[in-house]
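Just so you know, the protein sequences line up as chains A and B, in that order. Sequential numbering of the first sequence, starting at 214, is according to the working numbering. Sequential numbering of the second sequence, starting at 6, is according to the working numbering. Every residue gets a Cβ at the ideal spot worked out from N, C-alpha and C, and that includes glycine.
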Amino acid sequence: MKSPDSSSFEEQNPSWERSMRTASDDMRVQPATSSWRTLTAKLDQHQQQKRSVYRIGIILARIAAILLIAAGFWWVLDGQQKSPPLTSELVNDNPAYFASYLDVAQSLQDQMSRVEGPGNAGFKESFSNMPTTGDSSGSL
Amino acid sequence: MDLPVLIDQCRQGNRQAQARFYQEFAPIVLGACRRYLPNDAESEDAMIQSMYKSLTSLDTLRDPRTIHGWIRRIAVNECLMILRKKKLEWSDDLPERMPAPDPDPQERLQAREVLSLLDKLPLGYRTIFNLYVLEGYTHREIGELLNISLNTSKSQLIQARKRLASWIRPNENKPHHEIS
Chain A
214 MKSPDSSSFE
224 EQNPSWERSM
234 RTASDDMRVQ
244 PATSSWRTLT
254 AKLDQHQQQK
264 RSVYRIGIIL
274 ARIAAILLIA
284 AGFWWVLDGQ
294 QKSPPLTSEL
304 VNDNPAYFAS
314 YLDVAQSLQD
324 QMSRVEGPGN
334 AGFKESFSNM
344 PTTGDSSGSL
Chain B
6 MDLPVLIDQC
16 RQGNRQAQAR
26 FYQEFAPIVL
36 GACRRYLPND
46 AESEDAMIQS
56 MYKSLTSLDT
66 LRDPRTIHGW
76 IRRIAVNECL
86 MILRKKKLEW
96 SDDLPERMPA
106 PDPDPQERLQ
116 AREVLSLLDK
126 LPLGYRTIFN
136 LYVLEGYTHR
146 EIGELLNISL
156 NTSKSQLIQA
166 RKRLASWIRP
176 NENKPHHEIS
């Protein structure tokens, strides 16, 4: 809209235009009595539409809440099924566990062979020439 | 009742407050619509639609003090919508015979005289004159509102002013002004 302080605008507007503007600002035309009834009917219709939209909104919100709760339950139950097994027998199926078992077995074997090494074999041989005692038939 | 209180009650859907609101603003809105639309039934319809839009969109009104301008803009837009449907013709043709209203230029024009003068203008002149002189829109804004060129808006205003001036000041032959 034009700025009110525009001098050129005021100069271009003769007094009758200003007079017209003032008169149009003050202009009041009384509406017909039926107009209020028409307006209230429209407002009532608007209120009804608003209410029905509100109801639909509530129903949708409830459905969304139910779906959300169902999804939550599903997630919890599904998560429990997929959780890592805690039983030892299931651990044995794991290849990594099997490999580590083999390592342990190998290292135990190595230890045994070290314990039963050459020194230990000589010690056993020193006893081999000695006469047997006890209820052995050869010594009697 | 205080205007902000009245507006608040209208927002809450209070029917009595809405009736008060209608009593207060409907005559102003109908006055504005009547300036744009010569047909009484059309202007009444535009007023009802404007009041309906105002009452159902009061939540968008931030400052209650600006309600007069706000509601008037709604009314003007409603009238322009009706006028756009009519497909206004922007010709420079003037009616053959024009009745000559003779308001005394020395006295302040009365609202009824303004209406009688506007009613005698062709619809295109009337619309541009209303928008430019009485509402304060610029030619650019009018062009955008009515989807017409700047020059069309200016020429329509010149013709409207010439015509009105010849009715109001029949003795003055000189042109009133030039449009920038």
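| Check | Outcome |
| --- | --- |
| Looking only at its chain, what residues have a beta carbon closer than 7 Å to the beta carbon of B/Ile5, apart from the 5 residues adjacent to it on each side? | Examination of residue 5 of chain B is not possible in this model, given that chain B is present from 6 through 185 alone. |
| For A/Thr246, which residues in chain B fall below 7 Å Cβ to Cβ? | Going along chain B, no residue has its Cβ under 7 Å from A/Thr246, so there is no contact; the nearest lies around 11 Å. |
| Under a CB-based cut-off of 9 Å, is B/Arg20 close to chain A? | yes |
| Can you find a CB in chain A that lies within less than 9 Å of the CB of B/Asp107? | The predicted model places B/Asp107 with a pLDDT of 46, which falls under 50 and marks its position as unreliable; any figure quoted below should be read in that light. No, its Cβ sits nowhere closer than 9 Å to a Cβ of chain A. |
| How big is the Cα-Cα spacing for A/Lys255 and B/Gln161? | 37 Å |
| Count the C-beta pairs between the region 236-252 of chain A and the region 37-47 of chain B that are closer than 8 Å, then say yes if the count reaches three, no if not. | yes |
| If you follow the alpha helix (DSSP H) that B/Leu63 is in, where does it begin and where does it stop? | Run containing B/Leu63: none; DSSP gives neither H nor E here. |
| Does the region 69-88 of chain B come close enough to the region 29-38 of chain B that 3 or more CB-CB pairs lie under 8 Å? | yes |
| Does the region 133-150 of chain B come close enough to the region 230-237 of chain A to have 3 or more Cβ pairs within less than 8 Å? | yes |
| Would you kindly check if the distance between the Cβ of A/Arg231 and the Cβ of B/Ala116 is under 9 Å? | no |
| If you draw a straight line from the C-alpha of B/Ser171 to the C-alpha of B/Leu123, how long is it? | 13 Å |
| Beta carbon of B/Leu93, beta carbon of B/Leu151: below 9 Å? | yes |
| In terms of residues, what are the limits of the alpha helix (DSSP H) holding A/Ala312? | 308-328 |
| Can you look up B/Ile76 in the DSSP assignment and give me helix, strand or coil? | helix |
| Which residues of the region 242-275 of chain A have a Cβ closer than 8 Å to any Cβ of chain B? Give them in chain order. | Val242, Gln243, Pro244, Ala245, Ser248, Trp249, Thr251, Leu252, Thr253, Lys255, Leu256, His259, Gln260 |
| Taking the alpha helix (DSSP H) that B/Asn156 belongs to, which residues open and close that run? | 155-173 |
| Go ahead and pull the three-state DSSP assignment for A/Met240. | coil |
| Which residues, in order along the region 48-63 of chain B, keep a beta-carbon less than 7 Å from a beta-carbon of chain A? | Glu49, Met52, Ile53, Met56, Tyr57, Leu60, Thr61 |
| Taking the alpha helix (DSSP H) that B/Asp124 falls in, what are its first and last residues? | 116-125 |
| Under the assumption that B/Trp75 contacts B/Leu88 (Cβ atoms under 8 Å), give the Cβ distance between them as a whole number of angstroms. | Their Cβ separation, rounded to whole angstroms, is 21 Å, which puts B/Trp75 and B/Leu88 out of contact at 8 Å. |
| Could you check which residue in B/Asn156, B/Arg78, B/Asp64, B/Gln17 has the C-alpha nearest to that of B/Phe30? | B/Arg78 |
| At the level of alpha carbons, what is the spacing between A/Ser270 and A/Thr253? | Just to set this straight, residue 270 of chain A is Gly in the shown sequence, not Ser. When rounded, the distance between both Cα atoms is 25 Å. |
| B/Tyr130 CB to nearest chain A CB: under 9 Å? | no |
| Taking only the alpha-carbon atoms, compute the straight-line gap between B/Ala105 and B/Asp64 and give it to the nearest angstrom. | Annotation note: pLDDT 42 at B/Ala105 (below 50); position unreliable, coordinate value reported separately. Approximately 46 Å between the Cα atoms of the pair. |
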